[in-house]
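*Asks:* Here you go, one structure.
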Ligand code: HEC
């Protein structure tokens with residue numbers, strides 16, 4: 232039966248991805264992510280990023296000030312993927328500018344990853360969703376594998 236190996240794979244994948252991606256309640260996860268955005272993330276952006284990435288300044292064509300709410304955040308996943316990249320590579324803020332502490336940097340990266348993963352999880356239930364096409368290959372593959380497991384999709 233072709234069913235069995237797929238089931239085994241899905242169990243392995245679920246274990247591998249851990250509770251963050253295996254959990255299912257979409258609106259609850261965006262409530263949490265949204266609350267964290269306002270409480271933990273916005274103040275850090277304000278302190279370390281908006282000097283250059285405000286609606287007026289927009290260095291690198293990036294306006295982080297326009298993300299006033301989680302709904303607005305969700306409108307531009309690509310921008311947040313770039314934020315993860317820049318933070319992980321230590322490229323932002325530029326080196327002659329005030330830097331985040333390790334804890335602050337980790338908090339910002341962790342939140343942004345949680346948000347992107349929540350978005351992937353949501354779009355996994357809707358394979359035609361435009362968001363999937365804008366993800367990196369690694370993220371896309373994870374989302375697509377998960378979609379196949381949870382919804383038995385064939386590709
Ligand atoms: C002193 C000004 C300054 C500060 C502060 C700053 N940036 Fe930047 N940022 C720039 C400039 C200039 C560029 C475009 C040139 C480049 O990529 O180096 C840029 C580019 C970026 C890009 C790439 C945009 C794209 O589409 O390619 C991201 C993402 C980014 N910054 C995120 C951040 C984040 C997050 C912070 C705060 C933690 C931050 N920046 C703080 C000046 C700044």
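In the working numbering, the protein residues as written are 232 to 386.
In this text, a Cβ means the ideal position worked out from N, Cα and C, and glycines have one as well.
The structure displayed is predicted, hence computed values, not measured ones.
1) Using three-state DSSP, classify residue 327 as helix, strand or coil.
2) Rounded C-beta distance between residue 315 and residue 268? I'm assuming under 8 Å.
3) Whose C-alpha, out of 328, 308, 275 and 340, is nearest the C-alpha of residue 353?
4) With DSSP collapsed to three states, give me the class of residue 262.
5) According to DSSP, is residue 286 helix, strand or coil?
6) Should residue 289 be counted as a contact of the ligand HEC given a C-beta to heavy atom distance under 7 Å?
7) Between which two residues does the alpha helix (DSSP H) harbouring residue 295 extend?
8) Give the range of the alpha helix (DSSP H) segment to which residue 320 is assigned.
9) Relative to the C-alpha of residue 279, which candidate in 355, 329 and 339 has its C-alpha closest?
*Replies:* On the basis of the data shown:
1) Within the chain shown, the letter at position 96 stands for residue 327. Looking at residue 327 - three-state DSSP - the assignment turns out to be coil, as it is neither helix nor strand.
2) Against the chain shown, residue 315 aligns to sequence position 84. Against the chain shown, residue 268 aligns to sequence position 37. The C-beta separation of residue 315 from residue 268 comes to about 14 Å, leaving the pair out of contact by the 8 Å criterion.
3) On the chain shown, residue 353 is found 122 positions in, with the first residue counted as 1. 308 is the residue among 328, 308, 275 and 340 whose C-alpha sits nearest the C-alpha of residue 353.
4) As a position in the chain shown, residue 262 is number 31, starting the count at 1. The three-state secondary structure of residue 262, taken from DSSP, is helix.
5) For the purposes of this step, residue 286 is taken as residue 55 along the chain shown, with counting starting at 1. Per DSSP, reduced to three states, the secondary structure at residue 286 is coil, with no helix or strand assignment.
6) In the chain shown, residue 289 corresponds to position 58, counting from 1. With a cutoff of 7 Å, residue 289 does not count as near the ligand HEC, since its C-beta is closer than that to no heavy atom of the ligand.
7) Taking the first residue of the chain shown as 1, we reach residue 295 at position 64. Careful: residue 295 lies outside any alpha helix (DSSP H) and carries neither H nor E.
8) Here residue 320 is taken as the residue at index 89 of the chain shown, counted from 1. Judged by DSSP secondary structure, residue 320 falls outside any alpha helix (DSSP H); it is assigned neither H nor E.
9) Taking the first residue of the chain shown as position 1, residue 279 is located at position 48. Residue 329 is the option with its Cα nearest to residue 279.
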